[in-house]
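Enquirer: With UniProt numbering applied, the sequence shown has no gaps in its numbers, which climb one by one up to 423 at the end.
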Amino acid sequence: MYSSLLLHGKRCIELHRSYTFRVISVKLLQNASPFSSASTVESSGKDSVLNLLTSYGFTSPQISKIITAYPRLLTLDAETSLLPKLQSLQSRGASTSDLTEIISKVPKILSKRGAKSTALYFDFIKDIIHNDGKSSHSSTIIGKQGNKMRNVSVLREMGVPQRFLFSLLVSESQPVCGKEKFEMSVKKVVEMGFDPATSKFVQALHVFYEMSERTIEEKVNVYNKLGFRVEEVWEMFNKWPYSLKFSEKKITQTFETLKKCGLTDEEVVAVMKKRPECMRASEDKIRSCVETFLGIGFSGEEFVSMVKCFPTCVGLSAENVRRKVEFLVGEMGWELKDVVGIPPVLGYSLEKRMVPRCGVVRALVEKGVMRDGMIPPMSSVLACSDKVFLNRFVVKHGRLAPELMRIFAGDERKVKGLCVSVS
Numbered sequence: 001m002y003s004s005l006l007l008h009g010k011r012c013i014e015l016h017r018s019y020t021f022r023v024i025s026v027k028l029l030q031n032a033s034p035f036s037s038a039s040t041v042e043s044s045g046k047d048s049v050l051n052l053l054t055s056y057g058f059t060s061p062q063i064s065k066i067i068t069a070y071p072r073l074l075t076l077d078a079e080t081s082l083l084p085k086l087q088s089l090q091s092r093g094a095s096t097s098d099l100t101e102i103i104s105k106v107p108k109i110l111s112k113r114g115a116k117s118t119a120l121y122f123d124f125i126k127d128i129i130h131n132d133g134k135s136s137h138s139s140t141i142i143g144k145q146g147n148k149m150r151n152v153s154v155l156r157e158m159g160v161p162q163r164f165l166f167s168l169l170v171s172e173s174q175p176v177c178g179k180e181k182f183e184m185s186v187k188k189v190v191e192m193g194f195d196p197a198t199s200k201f202v203q204a205l206h207v208f209y210e211m212s213e214r215t216i217e218e219k220v221n222v223y224n225k226l227g228f229r230v231e232e233v234w235e236m237f238n239k240w241p242y243s244l245k246f247s248e249k250k251i252t253q254t255f256e257t258l259k260k261c262g263l264t265d266e267e268v269v270a271v272m273k274k275r276p277e278c279m280r281a282s283e284d285k286i287r288s289c290v291e292t293f294l295g296i297g298f299s300g301e302e303f304v305s306m307v308k309c310f311p312t313c314v315g316l317s318a319e320n321v322r323r324k325v326e327f328l329v330g331e332m333g334w335e336l337k338d339v340v341g342i343p344p345v346l347g348y349s350l351e352k353r354m355v356p357r358c359g360v361v362r363a364l365v366e367k368g369v370m371r372d373g374m375i376p377p378m379s380s381v382l383a384c385s386d387k388v389f390l391n392r393f394v395v396k397h398g399r400l401a402p403e404l405m406r407i408f409a410g411d412e413r414k415v416k417g418l419c420v421s422v423s
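1) Pop quiz: Leu294 and Phe303 are said to be a contact at Cβ under 8 Å. What is the actual Cβ separation, rounded to whole angstroms?
2) Between which two residues does the alpha helix (DSSP H) carrying Lys126 extend?
3) Assuming Ala401 and Val394 are in contact, meaning their beta carbons sit under 8 Å apart, how far apart are those beta carbons, in whole angstroms?
4) Straight-line CA distance for Phe124 to Ser117?
5) So is Thr80 buried or exposed if we call it buried at 16+ other beta carbons inside 10 Å?
6) I want to know whether the stretch 277-296 touches the stretch 318-325 - three or more CB-CB distances under 8 Å.
7) Rank Lys250, Phe228, Glu301 by C-alpha distance to the C-alpha of Lys273 and give the top, closest one.
8) From Tyr121 to Phe182, what does the alpha carbon distance come to, in whole angstroms?
9) Tell me the rounded alpha-carbon separation between Arg280 and Lys105.
10) Quick check on DSSP: helix, strand or coil for Arg92?
11) Name the residue from Trp334, Gly347, Lys85, Pro377 whose alpha carbon lies nearest to the alpha carbon of Cys309.
12) Do the stretch 361-374 and the stretch 335-351 touch if we need at least three Cβ pairs shorter than 8 Å?
13) Run the CB neighbour count on Met354, radius 10 Å, all protein chains shown included, and call it buried at 16 or more, exposed below.
14) Counting only runs of 3+ residues fully inside the stretch 338-362, write out the beta strand (DSSP E) ranges in chain order.
15) Quick check: the stretch 214-228 against the stretch 188-199, are at least 3 beta-carbon pairs closer than 8 Å?
16) According to the neighbour-count rule (16 or more other Cβ atoms, all chains shown, within 10 Å of its Cβ), is Arg214 buried or exposed?
17) Does the stretch 259-271 come within contact of the stretch 242-251, defined as at least 3 CB pairs closer than 8 Å?
18) Quick one: grab the DSSP three-state call for Ile407.
19) So, helix, strand or coil for Gln162, using DSSP?
20) Going by beta carbon distance, what residues of the same chain come within less than 7 Å of Ala38, once the five residues before and after it are set aside?
21) Assuming Val307 contacts Val271 under a Cβ cut-off of 8 Å, what Cβ separation, rounded to an integer in Å, is found between them?
22) Relative to the C-alpha of Leu73, which residue among Val49, Ser91, Lys285, Glu403 is closest?
23) Is Gly159 closer than 8 Å to Ala197 when the C-beta atoms are compared?
24) Considering only residues of the stretch 360-398, which uninterrupted alpha helix (DSSP H) runs meet the minimum length of 4 residues and lie entirely inside it, listed in chain order?
25) Could you tell me which uninterrupted beta strand (DSSP E) segments, each at least 3 residues in length, are contained entirely in the stretch 145-204, listed from first to last along the chain?
26) Tell me whether Phe228 sits in a helix, a strand or coil according to DSSP, three-state version.
27) Measure how close the beta-carbons of residue 424 and Gln87 come, nearest whole angstrom, since I'm counting them as under 8 Å.
28) Let's see if you can read the secondary structure: which residues bound the alpha helix (DSSP H) around Leu294?
29) Given a cut-off of 8 Å on the beta-carbon distance, is the pair Leu165 and Pro175 in contact?
30) According to the neighbour-count rule (16 or more other Cβ atoms, all chains shown, within 10 Å of its Cβ), is Asn391 buried or exposed?
31) Below 8 Å on the Cβ atoms is my contact criterion, and I expect Ser361 with Pro376 to pass it. Report the Cβ-Cβ distance as a whole number of Å.
32) Rounded to the nearest angstrom, what separates Lys324 and Ala115 at their Cα positions?
33) Which of the three DSSP states is assigned to Thr264 in this structure?
34) Can you tell me whether Met211 is helix, strand or coil according to DSSP?
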């Protein structure tokens with residue numbers, strides 16, 4: 001029994017991470033067969049799941065969305081696990097449009113045991129979507145399921161968006177179970193001023209529901225011993241509630257690893273206060289990041305400067321950093337010191353932000369429009385909003401504006417040289 005569970009878990013992880021999984025998603029979006037080459041997943045079972053969804057009216061984009069959100073679906077048996085649930089929903093009057101819309105939004109309802117349980121969640125979600133967030137089903141359902149639905153209804157009335165409600169409803173961590181504990185947790189989150197419309201509200205709910213007051217106090221003390229004032233710990237919590245979910249070992253390890261990178265105690269405190277999310281990076285990840293930056297040509301002092309300005313750079317992958325620096329320095333001609341000056345550029349999308357904007361600038365240089373034929377400062381090109389960029393480099397150039405706008409919008413023919421160099 002245990003060996004089969006381990007094997008099943010390993011298959012799910014491999015499926016989620018594998019190249020072939022990404023191939024399936026891409027081919028589905030292209031309306032192509034996901035099993036048309038030897039590089040794709042070798043399993044008739046997965047083919048059966050896709051065929052079953054297609055037969056029930058799911059489009060290729062919907063199937064791709066479902067698999068991306070719930071890759072384990074491809075490991076389920078189409079005939080014995082999925083088909084009975086779909087048949088049950090259809091026999092109860094679910095239209096094709098409702099079936100495909102709801103399952104595309106919350107594919108994990110297909111993981112619920114039995115057709116009856118799946119139907120309960122389906123009806124509840126349908127009411128949430130179509131009846132202004134109010135469900136007529138939750139008040140009539142008893143037991144654990146009814147309790148979860150009533151709690152989710154409470155959150156919906158408070159203004160929590162659908163996308164968060166549905167993830168809470170099918171969550172394994174059960175932050176919407178129980179009555180007193182749920183109400184107490186929500187009260188704490190509200191008292192701290194979290195906006196129900198944001199993800200931080202849900203994150204804080206997870207923390208207060210899953211951790212006792214004693215455990216939270218212990219975590220605060222860990223930070224306090226490292227040099228954080230108590231009020232600073234809660235400031236970090238307000239920025240990123242999950243900052244209190246890490247173990248004492250992980251918190252201390254991250255602190256010490258950043259010190260080994262060249263930061264002083266005070267600088268580490270400042271970095272973690274500024275972007276507590278940087279604690280997600282493992283010790284190996286941070287070390288690899290240091291090696292990558294130094295290998296590219298940045299000095300130790302420059303790396304420290306960038307971390308202080310843009311703490312989350314310690315979580316960037318080596319390949320991500322190399323590609324962006326190669327493009328900015330190698331292709332566009334800026335210098336490493338320009339990157340040091342505005343390190344947040346390393347967090348921008350290469351394909352969606354850097355390439356289109358730099359394509360516009362390169363076109364202006366080639367047409368002799370830019371003063372002295374020079375590339376403008378990196379900050380004026382990348383570190384501004386789309387509106388400012390368009391006013392600065394597109395709108396003001398009159399007759400050239402339509403062509404420049406096409407480049408900005410991603411005309412592959414116009415930015416082909418840039419795209420080839422970063423692909």
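The C-beta atom is built at its ideal place from N, Cα and C for all residues, glycine as well.
Expert: This is what the structure gives:
1) 7 Å
2) 114-130
3) 5 Å
4) 11 Å
5) exposed
6) yes
7) Phe228
8) 20 Å
9) 28 Å
10) coil
11) Gly347
12) no
13) buried
14) none
15) no
16) exposed
17) no
18) helix
19) helix
20) With a pLDDT of only 38 at Ala38, under the threshold of 50, the placement of this residue in the model should not be trusted; the figure read from the coordinates follows. The answer is none, since no qualifying residue turns up.
21) 6 Å
22) Val49
23) yes
24) 378-382, 386-393
25) none
26) coil
27) Here the chain comprises residues numbered 1 to 423, so residue 424 is not present and cannot be evaluated.
28) 283-296
29) no
30) exposed
31) Before going on, a small fix: residue 361 reads as Val here, not Ser. Val361 to Pro376, Cβ: 6 Å. Contact.
32) 49 Å
33) coil
34) coil
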